[in-house]
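Numbering (our numbering), first residue to last: 42 to 647.
Here is the structure we will look at, set down as structure tokens.
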């Protein structure tokens, strides 16, 4: 064993020990802490199912006490009367104190792929841990009587809020102004809020409309996927709409950021869900993203807000401000529909398409088209793979052709390297002459690999940020294309009724870096076979030995990605192998597939 090989083995052992220590002492405890937090949050919401029915009766003061006790959902909902919300997509209630939309569940989405798991909670009332709500209203001079977040509104028309059945709320201020709010909702995720101010007094008053989306504390699970934007988001401006994004970390660091624009939309987004307001698109607004610390609890409060221009209301007159509030899942067809019908600029960009959006958007559109044809996103991925390979065929084929030619001249290269090993300059000259005679360009063989980099980024984005991939099934054991393969070699892919992640000390490691299922193994096999059909010219023995470990290394790396991405790359790799095989047969070059078939046939004959 030479020194280079010993160094390589020592490096691998030390790296493995470091990874094991990091998994056991850092990632493991963090995972258990996150699980405990999720359990606590679930317990806090468990007492109340998806709300409906009559408004709750107040059981105490609306404002939390100085101690700010943490309430469960039932207790928080009971603090004030409510108007029920029930649509095909949403269920919850609106708080009559402040007319806040602060209690919403998404009917069509569950926390797990299992349809019996709890529905996804979008908004939760103040007083609960991690409160998250939206409100709108008017601001004006002291004494004008504009309603505040603690104002009690009265329902004067309508029952529960549902599509085609609006609700009217009224508040009569001590100043004499009358505020009327008409709330409507469609069958998906859009609320329409029409705020009217009537001035029966003898003096003019100036008021400005405002909206606010507020989150108290950070969302659970933040930071698990670094390539997804979560935080403040919006497109400000109608004529030249600009996308504005402010992640939670930058948001807290800046504390406050302001913009002025005409029209647009603004709010807070999660990976799959969003709450955002859109003003009248002809209105000039002042938008702000700010972070303030609650002096009592020390919790950071993240808020996106904007206000419109002040409007003077003459005696005997009234004004109406109509805004829209989106609260729901960021499905591309729904966002695109609102963008077209309500003329909300770039609303589809609420999905974080990434820096390569010019690739990500059309690729997802094609994937969505195939899904409409076959009804299964897994099959659509296979079809998308074929289309991408057809588009890139000329470029890839040229690269594979060069690779085959390189493999064909391998014996001549090895002979040159052996005879001229003591004369590097002469060796280089003879190799270049050989390349020229055989019309070989070694660099062009790298083109297919380089092309895979933007494709990898694009598809990783699609499988990570689009909600259409969330809980989308394939066949067999794959029930969620956006999650990793649930099987693992450590329980024989489910044949042994044992969860390796529960093993003492090494459980987090077995359930983390070493979690390798069927699809990662298939991917690793495809990489190994493709690599064995590719020549390694000019590679020293140490590098050659390390490259042999690449299929194994990539098996563990890719096992942590979504299984939808693994399906794409595995299928793409086998297409590559087929293309390489045909090319090698064409140029009469030996290949491992024919070698295996010959050995198998000889073994069968004997």
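We put the CB at the ideal spot given by N, CA and C, even for glycine.
Tell me, please, which residues DSSP counts as bridged to residue 231. 367
Should residue 506 and residue 312 be called a contact, given that it needs their Cβ atoms to be closer than 8 Å? yes
With 16 other CB atoms within 10 Å as the buried threshold, where does residue 630 fall? buried
Pick helix, strand or coil for residue 136, following the three-state DSSP scheme. strand
What residues match up with residue 255 in a beta bridge as DSSP calls it? 174, 344
Assign residue 287 to one of three DSSP states: helix, strand, or coil. strand
Taking the straight line between their C-alpha atoms, what separation do you get for residue 603 and residue 376? 24 Å
With a cut-off of 8 Å, does the C-beta of residue 591 fall near any C-beta of chain D? Any reference to chain D falls outside this structure, which holds one protein chain only.
Is the Cβ-Cβ distance between residue 130 and residue 229 less than 8 Å? yes
Between which two residues does the beta strand (DSSP E) carrying residue 317 extend? 314–319
The beta strand (DSSP E) spanning residue 144 covers which residue range? 141–151
To the nearest angstrom, how far is the alpha carbon of residue 563 from that of residue 518? 15 Å
Taking DSSP's pairing of strands, which residues face residue 220 in a bridge? 212, 238
Just tell me which of 128, 607, 123 has its CA closest to the CA of residue 139. 123
Is it buried or exposed, residue 574, if we count other Cβ atoms within 10 angstroms and call 16 or more buried? buried
Cβ contact check for the segment 365–374 and the segment 283–300: 3 or more pairs under 8 Å: no
Let me know if residue 361 comes out buried or exposed under the rule of 16 or more other beta-carbons within 10 Å of its beta-carbon. exposed
Tell me whether residue 352 sits in a helix, a strand or coil according to DSSP, three-state version. strand
Cβ neighbour criterion (16 or more within 10 Å) applied to residue 350: exposed
Hey, how far is the Cα of residue 321 from the Cα of residue 304? 6 Å
How far does the alpha helix (DSSP H) with residue 427 in it extend, from its first residue to its last? 418–432
DSSP state of residue 282 mapped onto helix, strand, coil: coil
Would you kindly report the start and end of the unbroken beta strand (DSSP E) that includes residue 466? Where residue 466 is concerned, there is no enclosing beta strand (DSSP E), although the alpha helix (DSSP H) it sits in stretches over 465–479.
Going by C-alpha to C-alpha distance, which of 552, 412, 356, 511 sits closest to residue 541? 552
Going by DSSP, what residues sit across from residue 206 in a beta bridge? 203
Quick one: measure Cβ to Cβ for residue 454 and residue 472, integer angstroms, because I've assumed they're closer than 8 Å. 7 Å
Starting from the Cα of residue 335, find the closest Cα among 205, 410, 256 and give me that residue. 256
Within the continuous alpha helix (DSSP H) that includes residue 381, where are the two ends? 373–382
Figure out for me which residue from 190, 328, 310 has the closest Cα to the Cα of residue 167. 190
Please name the residue in 174, 216, 164 whose C-alpha comes closest to that of residue 181. 216
Within a Cβ cutoff of 7 Å, which residues of the same chain sit near residue 411, ignoring the five residues on either side of it in sequence? 421, 424, 425
Quick check: the Cα distance between residue 213 and residue 396, rounded to an integer number of angstroms? 50 Å
Tell me whether residue 309 sits in a helix, a strand or coil according to DSSP, three-state version. strand
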